[in-house]
Structure formats: C-alpha cells, structure tokens
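Reading through the structure tokens given below for one structure.
Put into structure tokens, the structure is as follows:
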C-alpha cells in the first residue's frame with residue numbers, strides 16, 4: 025500500500041511538472057502523426073508488390089506497427105525519462121539523494137518522471153491496432169483480449185529489463201549517456217514481423233535480444249495468427265528478465281561510490 | 156561559388172580541429188554508424204522475404220543486397236546532421252563568437268559534417284565489409300558507372316548538406332525546427348529510395364520521386380552505380396540533381412541573410 029501511495033504521488037508530481045510545457049503536446053502529436061503516416065506509407069509501398077509478407081497480410085502488419093508505436097510510446101513516456109536521469113545523477117554524484125530516501129532505490133529511479141506528452145504515440149498506436157483489427161473483421165473475444173494484454177505486459181517487462189540493465193552499466197562505466205541506443209538499434213527491427221529475417225537473425229531477435237516478444241508475438245495473438253512460440257513464454261520471459269535485471273541493479277548499486285571519492 | 160584562399164585555409168583548420176574533437180566520441184559515433192546499418196538491413200530483409208527465389212520488378216535478392224549495401228555507404232556520406240550540430244548553436248547563442256570571425260559560420264557546420272563522417276566512416280567500414288561477405292551482393296560496376304557515381308555522390312552530399320543547413324537555420328525563427336526536419340526525413344524515407352528503390356514505387360509516386368529533391372540526396376547515386384538507369388534517365392537525373400543543388404544554394408543564402416538580421420543571441 026505504501027509503495028502504491030508513493031508511486032501515485034510521484035506520478036502526480038511528474039504530471040504536474042510536465043503540464044508546464046503544454047505546447048509539447050501539439051509538437052509531439054504532430055511528430056507522431058508524421059512518423060506513423062510515413063510508416064504506413066512504407067507498408068503501402070511494400071504491399072503494392074505482394075499480398076503477403078512472410079504470411080502477414082497488410083492489415084496484420086498494420087496491427088504489428090501499432091504495437092510497435094504503443095511500446096515506443098510507453099518507453100518514451102515512462103521508461104526512458106526516469107532511467108536516463110539515473111545516468112546523469114550517477115555521473116554528477118547526486119544519486120546520493122535517491123539512496124538517502126526511505127524508498128527502494130529501483131522504485132524511485134524508475135517512476136520519477138512521466139512525460140505525458142508522449143502518450144500521443146500510445147494513442148496513435150492503439151488507433152492503428154484498432155483500424156487494422158476492424159479491417160480484418162477480427163472477432164476479438166474477451167479471452168483473446170486478455171491474452172493480448174498479458175503478452176503485452178510481458179513485452180513491456182522485457183523492454184524495461186533491457187533498458188534497466190543497460191542503465192545499470194553506469195555504475196561501472198559512468199559515461200553511458202548513449203548506451204540505450206543499443207536498445208533502439210534492435211527495437212527498430214521490430215517494425216516488421218520477425219519472420220522476414222534470415223534464420224540466424226530471427227533466432228538472435230527471439231532468444232538473445234527478444235524483440236520478437238515485444239512486437240511480433242503480441243500482434244500474432246490479437247490477429248489470430250499462429251504464434252511463433254508458445255505464448256505463455258512471453259510473460260514468463262518478462263518475469264525472468266525483470267528478476268535478472270533487478271538483481272543486476274543491486275549488484276551495480278553496491279559499486280556506487282558517489283562522485284569525488 | 157567563389158571561395159577566397161584565406162577562407163579555404165580557415166575551413167581546413169576548422170576541419171582538423173573538429174576531427175580531433177570527434178575522436179573523443181568514438182564509441183557514440185560507432186553506435187550511430189551501426190544505426191545506419193540497421194535500417195537498410197530491415198528493408199533488405201523485407202524485400203528479400205518478398206522476392207524469395209524469384210524477383211520483385213526484375214530485382215533479385217542479390218540485387219537488393221547490392222542496393223542496400225551501397226545504400227549504407229551513400230546514406231552515411233550524404234547524411235545531413237546540421238539540425239543537431241548547427242541548429243543548437245543558433246538556439247543557445249553559441250553562434251555569436253563565430254560571427255566575429257572573418258568567415259561565414261556555415262563553414263563550422265561544414266567542418267563538423269566532414270569530420271563526423273570521416274571519423275565514423277573508419278568505424279563503419281569493418282562492419283560493412285563483414286556484411287558484404289555475409290550477404291553476397293551481385294555487383295556489376297563499370298568504370299563509367301563508377302565515375303558517374305562519384306559525381307552523383309558528391310553532388311548528393313552537397314545538396315543534402317545545404318538542405319540540412321536550411322532546416323537548421325529555421326532555428327532563427329522557431330524552436331520547433333525538428334518537427335519540420337522530421338517531415339523531410341519522412342519524405343526521404345518514402346521517396347528518396349529508402350523503403351524501396353525508386354524504381355519499385357507505384358507509378359504516380361515514382362514520377363513524384365523523380366521530380367522532388369529527396370531522391371537526389373540518396374537514391375540517385377546508388378541507381379547510378381548499379382547501372383539501373385538508361386542514358387535518358389541518367390541525363391534527366393543529373394540535370395535535376397544539379398538544378399536542385401543550385402536552388403538549394405540560393406535558398407540557404409536567402410534564409411541565412413534573413414535569419415542573421417533578426418538574430419539576437421540569448422538573453423538579449
């Protein structure tokens with residue numbers, strides 16, 4: 025309960041802070057619309073030469089793209105602003121103030137900021153998923169929707185874990201401002217179904233750097249495609265990744281020596 | 156364009172300093188270069204998956220490999236980074252000291268552009284060679300196409316730099332120049348030869364892509380190198396590329412003159 029109260033207090037404060045920059049909403053909405061419009065244009069070009077891409081129809085690929093933007097929006101709203109702050113605080117030594125507070129450091133470090141304006145991506149991603157599903161005339165039962173949400177939560181947990189693990193490297197290397205680019209690098213391959221990649225790359229993107237679980241598998245569950253792997257693997261891997269990443273965080277934390285010492 | 160010798164010497168000195176500066180950030184630059192490799196691989200995979208053992212509009216898998224491998228180098232050489240390097244200078248008032256020097260600050264942007272590319276090219280080349288070995292592109296390059304390629308590539312890089320500078324200069328008026336830049340990036344993605352070689356775009360869009368400048372900053376040099384154009388298309392392409400270069404030079408000049416008149420640094 026106490027944890028929930030703390031988190032909601034953080035969220036309120038973070039949202040209040042962001043409302044000072046209202047014009048950001050217009051700017052971000054504009055950029056999201058352009059970005060998604062261009063991505064759909066790209067799909068249109070690709071599908072002008074084929075009716076299916078590794079077995080995916082245009083509408084199914086659209087749903088996948090929607091999932092991509094949904095996750096991207098969640099990352100930019102909740103994940104990256106908070107965790108990027110850790111990187112700069114460790115460098116400056118002001119991470120001391122996080123450690124001094126009577127709240128688990130990981131909780132504090134990952135819920136401090138909430139850039140509401142990036143919810144534009146989440147909304148547009150959701151809209152594209154909806155449009156794709158309507159055009160597929162998909163029958164979404166309550167069960168399918170529940171499984172989809174479960175798989176998505178697993179995917180987001182994987183994203184959070186990867187991001188956290190990359191951030192944790194700051195305790196060893198200090199200057200890692202751009203290390204999370206590694207995530208974006210792999211994540212960008214998730215705009216298209218993982219089946220399009222050659223065998224070795226597909227394995228890499230499924231088991232080593234599990235982008236497949238972040239976009240392909242959720243899109244498969246909701247569009248009724250045969251899933252790539254057993255879907256219960258998604259939440260399982262998500263949970264394992266969370267455990268591993270928070271363990272890694274604790275190891276990293278024990279190396280923190282503040283600045284100047 | 157007439158460039159005075161003193162200016163040229165100054166630009167050279169600037170570039171040397173910027174190269175030394177860039178070497179500090181080699182790890183970041185390496186990550187940036189990897190990024191330039193990832194996107195072409197995604198689209199190579201897309202078209203490869205569609206082509207399978209056959210072809211798409213006459214292009215086989217090995218042709219796509221050749222296209223997107225060339226793409227990696229061309230997009231690196233022609234990348235416009237001015238919105239990151241020059242725009243912030245204007246926004247944060249760092250332009251002021253450069254205005255006191257006896258040469259146009261646009262040379263600073265040019266020096267950064269060249270130093271960024273030359274340092275990160277050194278990091279990109281090994282990755283690229285590895286990919287060539289894995290992907291086995293089918294390359295039929297003739298001396299003629301290679302010579303024309305060099306011309307097309309240099310003009311593309313210049314054109315791209317001028318366009319990038321124009322968007323960066325919008326920082327004189329607005330803090331949202333990034334949003335405008337993203338429109339350009341999006342159009343280049345669709346019409347410049349990134350999502351697909353221009354020859355694969357549907358009819359009407361293909362005509363649009365041929366007329367607009369985006370292709371001439373990216374796709375055109377690749378098509379020239381890979382002999383995808385007949386002599387008529389080549390002539391038209393070069394004519395349009397030079398025309399756009401000329402137009403872009405005029406635009407940069409006009410925008411710079413208008414912008415500098417109302418520049419007031421920060422806090423003034």
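Residue numbers (the numbering used here), protein chains in the order written: chain A, 25 to 285; chain B, 156 to 423. Every residue gets a Cβ at the ideal spot worked out from N, C-alpha and C, and that includes glycine. Note that the structure is predicted; figures quoted are calculated from it, not measured.
| query | How many Å lie between residue 152 (chain A) and residue 55 (chain A) at the Cα? | reply | Cα-Cα distance, rounded: 16 Å.
| message | With three or more C-beta pairs closer than 8 Å as the rule, is the stretch 370–383 of chain B touching the stretch 331–351 of chain B? | response | In short, these stretches touch, since the Cβ pair count reaches three.
| residue 247 (chain A) CB to nearest chain B CB: under 8 Å? | Chain B contact via Cβ: absent.
| Other residues of its chain near residue 273 (chain A): CB distance less than 7 Å, five sequence neighbours each side excluded | Contacts found: 130, 188, 192.
| Beta carbon of residue 183 (chain A), beta carbon of residue 91 (chain A): below 8 Å? | No; because the gap between Cβ atoms is not below 8 Å, this pair is not in contact.
| task | Would you identify the three-state DSSP class for residue 120 (chain A), choosing helix, strand or coil? | result | Residue 120 (chain A) sits in a helix when the DSSP states are folded into three classes.
| Rounded separation between residue 115 (chain A) and residue 248 (chain A) - CA only | Computed Cα separation, rounded: 47 Å.
| task | Could you confirm whether any beta carbon from chain B is found closer than 8 Å to the beta carbon of residue 36 (chain A)? | result | At a cut-off of 8 Å, the C-beta of residue 36 (chain A) has no neighbouring C-beta in chain B.
| message | Here's the rule I'm using: 16 or more other beta-carbon atoms within 10 Å means buried, otherwise exposed. How should residue 265 (chain A) be labelled? | response | Residue burial is scored here from C-beta neighbours: residue 265 (chain A) has at least 16 other C-beta atoms within 10 angstroms and is therefore classed as buried.
| said: On the DSSP bridge list, what partners appear for residue 283 (chain B)? | reply: None, per the DSSP bridge assignment.
| said: Just to check my reading of the structure: residue 160 (chain A) and residue 83 (chain A) have Cβ atoms closer than 8 Å, yes? What is that Cβ distance to the nearest angstrom? | reply: About 5 Å separates the CB atoms of residue 160 (chain A) and residue 83 (chain A); that is less than 8 Å, so the two are in contact.
| task | Just the C-alpha distance for residue 133 (chain A) and residue 284 (chain B), rounded to the nearest angstrom, thanks. | result | Straight through space, the alpha carbons of residue 284 (chain B) and residue 133 (chain A) are spaced by roughly 41 Å.
| query | Of the residues that make up the stretch 314–339 of chain B, which ones have a beta carbon closer than 8 Å to any beta carbon in chain A? | reply | 331, 333, 334, 337, 338: these are the residues of the stretch 314–339 of chain B whose beta carbon lies less than 8 Å from some beta carbon of chain A, given in chain order.
| Would DSSP call residue 423 (chain B) helix, strand or coil? | Since pLDDT at residue 423 (chain B) reaches only 46, below the 50 mark, its modelled position is unreliable, and the value read off the structure follows with that caveat. It is coil, neither helix nor strand.
| Which residue comes first and which comes last in the alpha helix (DSSP H) that contains residue 252 (chain B)? | Where residue 252 (chain B) is concerned, the enclosing alpha helix (DSSP H) starts and stops at 250–254.
| query | Is residue 221 (chain A) close to chain B, meaning its C-beta is less than 8 Å from at least one C-beta of that chain? | reply | At least one chain B Cβ lies under 8 Å of residue 221 (chain A).
| field | Nearest-angstrom beta carbon gap, residue 188 (chain B) and residue 308 (chain B) [assumed within contact, 8 Å] | value | About 18 Å separates the Cβ atoms of residue 308 (chain B) and residue 188 (chain B), ruling out a contact at the 8 Å cut-off.
| Shortest alpha-carbon distance to residue 145 (chain A) belongs to which of A:96, A:208, A:217? | Considering only A:96, A:208, A:217, the residue with the shortest C-alpha distance to residue 145 (chain A) is A:96.
| query | Would a check of beta-carbon distances place residue 265 (chain A) closer than 8 Å to chain B? | reply | Residue 265 (chain A) has a beta carbon lying at 8 Å or more from every beta carbon in chain B.
| Would you say residue 258 (chain A) and residue 179 (chain A) are within 8 Å of each other, going by their C-beta atoms? | Cβ distance < 8 Å, so residue 258 (chain A) and residue 179 (chain A) count as in contact.
| query | Where does the unbroken alpha helix (DSSP H) through residue 239 (chain B) begin, and where does it stop? | reply | DSSP places residue 239 (chain B) in the uninterrupted alpha helix (DSSP H) bounded by 237–240.
| Cβ-based burial, residue 329 (chain B) [other Cβ within 10 Å; buried from 16] | It counts as exposed.
| task | Just tell me which of A:30, A:215, A:224, A:222 has its CA closest to the CA of residue 235 (chain A). | result | Of all alpha-carbon atoms in A:30, A:215, A:224, A:222, the one lying nearest the alpha-carbon of residue 235 (chain A) is that of A:215.
| query | Beta-carbon separation of residue 300 (chain B) and residue 221 (chain B) under 8 Å? | reply | Their beta carbons are not under 8 Å apart, which means residue 300 (chain B) does not touch residue 221 (chain B) by this criterion.
| message | Cβ closer than 7 Å: which chain B residues qualify as neighbours of residue 213 (chain A)? | response | Near residue 213 (chain A) (Cβ distances below 7 Å), the residues of chain B are 193, 197.
| task | May I ask you to report which of helix, strand or coil DSSP gives residue 214 (chain B)? | result | Residue 214 (chain B) falls in the strand class under three-state DSSP.
| query | If you draw a straight line from the C-alpha of residue 182 (chain B) to the C-alpha of residue 169 (chain A), how long is it? | reply | Rounded to whole angstroms, residue 182 (chain B) and residue 169 (chain A) show a C-alpha spacing of 43 Å.
| field | Reference residue 362 (chain B); option with closest CA among B:391, B:339, B:386 | value | Among B:391, B:339, B:386, the Cα nearest to that of residue 362 (chain B) is on B:391.
| field | residue 130 (chain A) (DSSP reduced to helix, strand or coil) | value | In the three-state reduction of the DSSP assignment, residue 130 (chain A) falls in the helix class.
| Members of the stretch 353–380 of chain B that neighbour chain A once the beta carbon cut-off is set at 9 Å | Answer in chain order: 355, 356, 357, 360.
| Excluding sequence positions up to five away, which residues of its chain have a Cβ less than 7 Å from the Cβ of residue 326 (chain B)? | Take residue 326 (chain B), set aside five residues on each side of it, and the residues of its chain with a beta-carbon closer than 7 Å to its own are 242, 245, 246, 332, in chain order.
| request: Please name the residue, chosen from A:141, A:201, A:194, that lies closest to residue 45 (chain A) on a Cα-to-Cα basis. | output: When A:141, A:201, A:194 are compared, the shortest CA-CA separation from residue 45 (chain A) is found for A:141.
| query | Can you name, in chain order, every residue of its own chain whose Cβ lies under 8 Å from the Cβ of residue 250 (chain B), other than the five neighbours on each side? | reply | Around residue 250 (chain B): 244, 260, 418, 420.
| According to DSSP, residues forming a beta bridge with residue 80 (chain A) | Answer is A:77, bridged to residue 80 (chain A).
| So which of A:124, A:177, A:200, A:206 has the shortest CA-CA distance to residue 241 (chain A)? | When only C-alpha atoms are compared, the closest one is A:177.
| query | Any residues in the stretch 54–65 of chain A with a beta carbon nearer than 9 Å to a beta carbon of chain B? Which ones, in chain order? | reply | Under the 9 Å Cβ criterion, the stretch 54–65 of chain A contributes 54, 55, 58, 59, 61, 62, 63, 65.
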